[in-house]
Amino acid sequence: MSAVVESPTPSNQTSQRPAVKITEAVIRLAGNSQDGIQAIGGFLARLAGRSEQEVMTFMTIPSTISGGPSIFQVRVGSGEVLTSGDEADLLMAFYQHSYNDHLASLKAGGIVIYDSDHVTEFKPENLEKYRHIGVAISSLTVEAIGGTGRDKGKNVFALGLLAKMFDLNIPKLHRLLEERFSSKDSSVLTNAMNAFNAGYNYELATAAQLFEFQPGQNVGQAQVVMSGNEALAWGLIAAGVRFGAGYPITPWSDIMELLRRELPKYGGLFVQCEDEIASISMAIGGSYAGRVSVTGSSGPGISLKTEALGWAVMAEMPLIIVDVQRGGPSTGMPTNIEQSDLNIACFGGHGDSPRVVLAPANVEDCFYCAIEAVNVARKFSVPVILLTDQGIATRIEAFRMPDLARLVQDISPDLSPVADHRPYDLSAIGGVTRHLAPGTRIASGKYPVVTGLEHDELGHPTGSGKLHTAMTAKRRNKLRLLANEIPVPTVFGADKGEVLLVSWGSSQGPVQEAVKYAQAEGILVSGIHIKYVNPLPNGLEAIFSRFTHVLVVELNDEGVYGYGGQMASLLRARYCDPRITGLTKSDGLTWKIREILQKVHSLLAKA
Amino acid sequence: MSSISFPFAVLPRTGSAANLPPPAALADQDRKPLTKKEVSADHPTWCPGCGDFSVLALYFKLIERRKIWHEKITTVAGIGCSSRFPYFVQAHGAHYIHGRALPFATGVSLSRPDLHVFVFGGDGDAFSIGGNHFVHAARKNVKLTYVVMDNQVYGLTKKQTSPTSPIGYKSKTDIWGSADRPLNPMKLAITAGATFVARTTATNPNHVLEMMEAAMDHDGFSFVECLSECVEFYEGAFDAANPRKGGKFETISKDHDVTDEYAAYKLADAPWPGQFGVFYKASKPTKNQNEAKIIADHRAKVTGLADWQILQKSFDRMK
C-alpha cells in the first residue's frame with residue numbers, strides 16, 4: 001500500500017461509503033505544544049461528555065516554555081473507559097518528527113492522517129503496516145482562513161477532519177467552538193468556523209474509512225468534563241474551603257489558579273505566597289483562624305512543606321495539603337507521571353507525625369476525595385494529604401454531574417462562647433479534640449495556645465516524658481479510630497484466585513482493565529484498590545490470604561531490596577507477607593495493560 | 608460518596624459548653640477592662656534582667672488601656688527566647704515554627720478582620736530564617752503588628768552570631784569576632800515597603816507603649832524594632848542608648864516628615880545607637896483591603912445565590 005496523498009481537487013465519491021459502527025476509538029494527536037493540540041483534544045473530550053460517551057485523555061507537554069513536541073490522546077467509548085488506551089486506532093501527525101516518534105503507538109492496521117505539507121518521508125514497511133492518509137493540513141488551513149493567519153487554526157481544521165471521519169455531532173461541536181472562541185473578537189470565531197468547515201467538508205480519499213460510535217451507556221445522564229486538577233479544586237470549594245495559599249509549581253499550579261479565580265465568588269480567597277513554606281504556614285494560619293484551609297504543591301515543594309506539616313500534626317490543626325506527584329527526586333521529570341511521593345506523604349518529616357493520606361483514583365474521584373479529605377480533617381482535627389498525580393491532574397474525563405445542592409457544605413466556624421476549653425484534652429474519646437478558633441470567648445478565662453512544642457492539655461510547654469508519651473499516643477490513636485471507620489475495600493473480580501492486583505491512585509484504571517482482560521483469558525486475576533493510604537484500611541490480610549500472589553502495581557522504583565515499590569513495602573511491613581511483591585516502573589508514563597498482563601503471566605509461569 | 612460517616616455540618620466542639628454563664632453575664636457592655644492578672648498566663652521563662660519582660664508588661668498595659676478582650680487578640684510567634692511570648696499571654700495564641708510566624712499571622716489576618724493580630728519575635732527569627740517572609744509581608748502591607756525584640760544575638764541556642772550582631776561581636780560561632788556586616792532592620796523595612804516603621808528600646812517603657820499603640824492603630828503592616836538586651840549573652844549591648852548607663856536616648860525630631868521614604872532611610876543610616884521613634888508611616892492600600900475589594904466585586908455578581916448555585920453555574924458550563 002502506498003501513501004495516498006490527496007490531490008487538491010476533491011472527489012465527491014467518499015461520502016457514500018457506509019460507516020462502520022464502533023464502540024470505542026483511541027485517537028492520538030501529535031504535534032508541537034503551540035499548535036493547539038490540547039485544545040482540540042479538549043473539544044473531543046467535551047463532545048464525548050455531552051454525547052453520553054465515556055472519555056479519558058492522556059497528554060504530554062514539554063517542560064519548556066514554548067515549542068517542543070506534544071501529544072494529546074483521547075479515548076472515547078460507548079462502554080466503560082478506564083484508561084487512555086495502550087495503542088491508538090488513529091494517529092494525527094502534524095510534523096515529520098510527530099510521525100516518526102508516534103507511528104509505533106498505532107495498532108497494526110491503524111490509520112495515520114499526516115500533514116503532507118510537513119511529513120514527506122516514509123519507510124516502505126510502515127506503508128505496509130498502517131493505512132496512510134495525507135492531507136495538506138497547513139496549506140488548506142491557510143487557504144480556508146486566508147490572510148495573515150499562517151497555519152494557525154490547523155488544529156481546528158484537523159478537528160473538522162476527525163468530525164467527518166467519526167460522524168461526530170456537528171451542532172454540538174459548533175456550540176463548543178462558539179463557547180471557546182466567541183468571547184474574543186468576532187473574526188476569531190469566523191476563522192475557527194471556516195477552518196472547521198474546511199476540514200469537515202474536505203473529501204477524504206477512498207482509503208479513509210468512516211466510523212460511527214454506538215450510543216453511549218450514559219444516555220440521559222448529564223455529564224461534566226474536566227481535568228483532575230479542576231475536579232479537585234471544585235471539590236474543595238464544594239467542601240466549604242474558603243482560604244488557601246500556594247506557590248506556583250507544575251503540575252499543581254492549575255489548582256491554585258482555579259482557586260484564586262473562583263474563591264472570591266464564595267467570599268473566600270487564595271493567596272500566592274513568596275515560597276512553599278510561607279504557603280503552608282499561611283494555610284495553617286487560615287485553619288487556625290477557624291476554617292480548614294488548603295495548600296498544595298508538587299515534587300520539591302512538598303519537601304519544603306514538611307516542617308510546617310509536622311507543626312500541624314503536633315498542634316492538631318486540620319489542614320488540606322494537595323500533592324500532585326510528578327517524577328522525582330529533586331526537579332526530576334516535572335511533566336511526567338510518577339507515584340513516588342507515597343513515602344513522604346505518609347512519613348515525611350521529623351518525629352512521629354501521624355497524618356492522613358488519601359489518594360484519588362481518577363478525575364471524578366478527585367472531586368469526591370477533596371470533600372472527604374476536608375471532612376476527615378475536620379472530624380479528626382488532623383492534616384490530610386490529597387495524593388494525586390500528574391496523570392490524573394492533567395487528563396480530562398467525563399463524569400456524572402454531582403448533586404451539588406446536596407454536596408456543597410458550609411463549614412463556617414462556630415464562635416459562640418464556651419465555658420472552658422482544653423485544646424489537647426487527654427480524656428477526649430479516641431484522642432479526638434478540636435481546635436477552638438480565636439474570637440471564641442472562654443468563660444473560664446483560660447485561653448489555649450496552639451503549639452509545636454510538646455504540651456500539656458492546655459497547650460503549655462512541657463518537658464515531661466509521661467506527657468510526651470500520652471500526647472504521642474493521642475495523635476496516633478486518632479488515626480486508629482479513623483482506620484476503624486474506613487470500609488474494607490471491595491475486591492474487583494472473583495473473591496479468590498491466583499493473582500490479586502493491588503492498585504492505589506491512578507493505577508486503578510489500568511489494573512481494573514488488566515483484570516478484565518485476564519479474566520477474558522481465563523486467568524484467576526482480581527483487583528483491589530486502596531484509597532486510604534494512611535492509615536490503611538483494616539481487613540486487607542483476610543483478602544490477601546485468598547490469593548496465591550499479591551502484586552502491587554505502582555509507578556515508582558522497586559527499591560533497594562527489590563521486593564516492590566513504596567506501597568508494596570508498606571504492605572509488607574504491615575503484614576509480613578512474602579507473597580506481596582511489586583510491579584513498578586519509572587518511565588514517566590501511565591501503565592499499559594500489556595505491561596501488567598506480562599507480569600501476571602510471568603508470575604504464573606514461575607508458580 | 609464519602610465512605611466515612613460525617614453526620615454533622617457544624618462541628619461539635621470538645622470544649623465544655625456545660626455551666627456556661629448566662630448570656631447576660633457575657634454581654635460586652637458589662638465587661639470590665641482586663642487586669643494584668645487576667646491577661647497574664649505562664650510565668651515567663653526569660654532570664655532575670657532580660658529586656659523582653661518590659662515588652663510583655665507593656666503589651667499587657669496596651670490590652671488593658673485599649674480595652675481589648677481576650678478573644679479579640681491573637682498573639683503569634685515563631686521560635687526564639689522572645690517567641691515564647693504567647694505562653695505568657697492569657698489570650699488565643701500560637702507558637703509556630705522558626706521564622707514563619709509572619710505567613711501564619713497573615714493567614715489569620717486575612718481570614719479574620721475582627722481580630723487584632725500581634726506577632727512577636729527576635730532578630731534571628733525575623734531577619735535570618737524568616738527574612739524572606741519579612742520582606743513579603745511588608746510589601747503586601749498585611750494588616751498586623753510585628754514587634755521584633757532585637758538583642759543582636761541568638762539567645763535560646765546560647766550565643767551564636769545573629770544577623771544584627773555588630774562586626775567584631777564575639778560569639779560561639781565567631782570566636783574571633785563577627786566579620787559580616789549586620790543588617791539594618793529600619794532600612795530593610797523601609798525598602799521592603801512596610802507602611803509603619805518604628806524603633807524603640809526596652810529600657811524606655813513609655814516609649815515602647817507609645818510605639819506599640821501607634822503600630823496597633825496603623826492600618827497596614829506595622830513594624831516596631833525594640834532593642835531588648837540579652838543580659839546573659841550580650842550584656843551592655845544597648846548601653847549607648849540608655850541614659851542610665853551613660854548613653855543617650857535620642858528621639859526623632861518633630862520636624863521629620865514620616866511620609867518621606869528617603870528621609871526615613873537617611874535617618875535609619877545614622878550612626879549607632881541611632882534615633883528612636885516613628886521613621887516612616889504612610890497610608891497605602893492593605894492586602895486585606897485589596898482582597899476584600901476583589902471579594903466584594905465578585906460577590907456583587909452572585910447576589911442572592913447560594914454557594915451550591917454558584918458552583919452549579921460553573922458546572923453547567925462544563926457539560
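Residue numbers (my numbering), protein chains in the order written: chain A, 1 to 607; chain B, 608 to 926.
Every residue, glycine too, gets a C-beta built ideally from N, C-alpha and C.
{"Check": "Of all the beta strand (DSSP E) runs that stay within the bounds of the region 796-861 of chain B, which reach a length of 3 or more residues?", "Outcome": "803-808, 828-834"}
{"Check": "Can you list the residues of chain B that Gln223 (chain A) reaches, using a CB-CB cut of under 8 Å?", "Outcome": "Lys926"}
{"Check": "Going by DSSP in three states, Trp879 (chain B) sits in which element: helix, strand or coil?", "Outcome": "coil"}
{"Check": "For Asp721 (chain B), which residues in chain A fall below 8 Å Cβ to Cβ?", "Outcome": "Gly439"}
{"Check": "Looking at the C-beta of Asp254 (chain A), does it have a partner C-beta in chain B at a distance below 9 Å?", "Outcome": "no"}
{"Check": "What's the gap between the Cα of Pro535 (chain A) and the Cα of Leu479 (chain A)?", "Outcome": "6 Å"}
{"Check": "With the cut-off set at 9 Å, would you say Thr433 (chain A) and Lys474 (chain A) are in Cβ contact?", "Outcome": "yes"}
{"Check": "Could you work out which residue in B:Ser689, B:Phe840, B:Tyr887, B:Asp846 is closest to Asp862 (chain B) when comparing CA atoms only?", "Outcome": "B:Tyr887"}
{"Check": "Mind checking if Asp914 (chain B) is an interface residue toward chain A, Cβ cutoff 9 Å exclusive?", "Outcome": "yes"}
{"Check": "Quick one: what's got a C-beta closer than 6 Å to Ser7 (chain A)'s C-beta in the same chain, skipping five residues either side?", "Outcome": "Confidence at Ser7 (chain A) is low in this model, with a pLDDT of 37, below 50, so the placement of that residue is unreliable and no value is reported for it."}
{"Check": "Smallest Cα separation from Leu309 (chain A): which of A:Ile280, A:Pro448, A:Leu540?", "Outcome": "A:Ile280"}
{"Check": "Can you look up Ser139 (chain A) in the DSSP assignment and give me helix, strand or coil?", "Outcome": "helix"}
{"Check": "Could you tell me the boundaries of the beta strand (DSSP E) in which Gly527 (chain A) lies?", "Outcome": "525-530"}
{"Check": "Going by DSSP in three states, Val376 (chain A) sits in which element: helix, strand or coil?", "Outcome": "helix"}
{"Check": "How about Tyr753 (chain B) and Val831 (chain B): do their beta carbons lie closer than 9 Å?", "Outcome": "yes"}
{"Check": "For Thr388 (chain A), count neighbouring C-beta atoms within 10 Å of its own C-beta (all shown protein chains included) and say buried if the count is 16 or more, exposed if not.", "Outcome": "buried"}
{"Check": "Consult DSSP for Ala39 (chain A) and reduce its assignment to one of helix, strand or coil.", "Outcome": "helix"}
{"Check": "Would you say Thr451 (chain A) faces chain B, with C-beta separation under 9 Å as the test?", "Outcome": "yes"}
{"Check": "Closer than 7 Å by beta-carbon distance: list the chain E residues that pair up with Tyr694 (chain B), in chain order.", "Outcome": "In the structure shown, chain E cannot be found, because the protein chains are A and B."}
{"Check": "Strictly below 7 Å CB to CB, what residues from chain B border Trp591 (chain A)?", "Outcome": "Ordered by position in chain B, no residue passes the 7 Å Cβ test against Trp591 (chain A), which lies about 24 Å from the chain."}
{"Check": "Give me the chain B residues within the contact set of Arg50 (chain A), using Cβ-Cβ distance strictly less than 7 Å, ordered along the chain.", "Outcome": "Lys926"}
{"Check": "Determine, using beta carbons only, whether Gly522 (chain A) and Leu551 (chain A) come nearer to each other than 9 Å.", "Outcome": "no"}
{"Check": "Please report the Cβ distance between Pro710 (chain B) and Met282 (chain A), rounded to the nearest whole angstrom; I am assuming they are in contact, meaning their Cβ atoms lie under 8 Å.", "Outcome": "4 Å"}
{"Check": "By the 8 Å beta-carbon criterion, what residues does the region 257-274 of chain A contribute toward chain B?", "Outcome": "Glu262, Pro264, Lys265, Tyr266, Gly267, Gly268, Leu269, Val271, Cys273, Glu274"}
{"Check": "What's the C-alpha gap between Gly244 (chain A) and Leu127 (chain A)?", "Outcome": "54 Å"}
{"Check": "At which residue ranges does the region 446-512 of chain A contain complete alpha helix (DSSP H) runs of 4 or more residues, listed in the order of the chain?", "Outcome": "465-485"}
{"Check": "At 8 Å on the CB atoms, spell out the chain B contacts of Met401 (chain A), in chain order.", "Outcome": "Phe922, Lys926"}
{"Check": "Does the CB of Leu763 (chain B) have a neighbour CB from chain A at under 9 Å?", "Outcome": "no"}
{"Check": "For the region 739-759 of chain B, list every residue whose C-beta sits within 7 Å of some C-beta in chain A, in sequence order.", "Outcome": "Asn739, His740, His743"}
{"Check": "If I'm right that Val755 (chain B) touches Ala733 (chain B) with Cβ under 8 Å, what's the distance once you round it to whole angstroms?", "Outcome": "5 Å"}
{"Check": "Kindly list the residues whose CB is nearer than 7 Å to the CB of Ala889 (chain B), restricted to its own chain and excluding five residues on each side of it in sequence; keep chain order.", "Outcome": "Thr802, Thr866"}
{"Check": "Using beta carbons (cut-off 9 Å, strictly below), is Ala796 (chain B) in contact with chain A?", "Outcome": "no"}
{"Check": "Judging by CA-CA distance, which residue of A:Ala514, A:Arg242, A:Ile255 is the nearest neighbour of Ile902 (chain B)?", "Outcome": "A:Arg242"}
{"Check": "For the region 705-720 of chain B, which residues have a beta carbon sitting closer than 7 Å to at least one beta carbon of chain A?", "Outcome": "Arg707, Pro710, Phe711, Ala712, Thr713, Gly714, Val715, Leu717, Ser718, Arg719"}
{"Check": "DSSP has Tyr114 (chain A) in a bridge; who is on the other side?", "Outcome": "A:Ala93, A:Gly134"}
{"Check": "Starting from the C-beta of Asn177 (chain A), find all residues in its chain whose C-beta is less than 8 Å away, skip the five residues before and the five after it, and write them out in chain order.", "Outcome": "It is Leu, not Asn, that sits at residue 177 (chain A) in the sequence shown. Here the set comprises Phe43, Val156, Leu189, Ala192, Met193, Phe196."}
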